[in-house]
Each structure stands twice: as C-alpha cells, then as structure tokens.
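Working notes, structure below.
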Amino acid sequence: MPRSRSRSRETSEGRDPENVMRGYKATLRNPNVSDEAKQHAQQELDRYESGEATSKSAEDRHASNVKRGLKAATHNPNVTDMGKKQARDKLQAMGEQPEQPGD
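Spelled out as structure tokens, the structure:
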C-alpha cells in the first residue's frame, strides 16, 4: 500500500510532527486526562513549536545503522571468522567496544 505522506516530514521515529502536535493539543483539551499528563503535553508541544524536537541527522542515523549491522555480523553464525574479526575491527575504529567471541 503506498504511503500518503512525504518522508521528509517524518522524524527519526517515523511520526509526522503535525500529527504529534495534534495529539498533544487533544490531550490538553481532554477532560479525562490528568493534570500531570496535560503538563507533559504542554511541555512537549512547546518543544515542537520552538524547534527543539528535531530528529537525528541523516549522518547520525547512518552511523548508528552501520554499528548495528557490524554488531549483528559478529553474532551471525553464517559469517566467517574472518568476517567477524573485520566487523569487530571496524567497530573498534568507530569507537565501540565489540564483544569478544565466546568460542
């Protein structure tokens, strides 16, 4: 099924900021919501409106995905020992401390 929204409007969490703000506004007007929840909704709404609620940059997301992939490779039984060693070396170069093999 095709998506009706543009990807450029989505945050890293995959949520449309306008829909998030609508939800917080609805929370503020809902009589069945606690004062604490309304206070939180107002704080989050203020963050969105001030521009503080920004998503990770594309570079940060990419680096995070690469690290996850390398960590997965170190645990994948279908990856050769040489491939696992290369993945651990790359993780170390990225500043991560990879787990050492248990066997």
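Start counting the sequence shown at 1; every next residue gets the next number (full-length UniProt numbering). C-beta: ideal position from N, C-alpha, C; glycine also.
In this model, L91 and P98 are separated by some 6 Å (Cα to Cα). Note on R88: 16 or more other CB atoms within 10 angstroms of its CB, so buried under the neighbour-count rule. Here D35 carries a helix assignment [DSSP, helix/strand/coil]. Boundaries cannot be given for V79, as no alpha helix (DSSP H) includes it and DSSP labels it neither H nor E. Three or more Cβ pairs closer than 8 Å define a contact, and the segment 39 to 47 meets that threshold against the segment 15 to 24.
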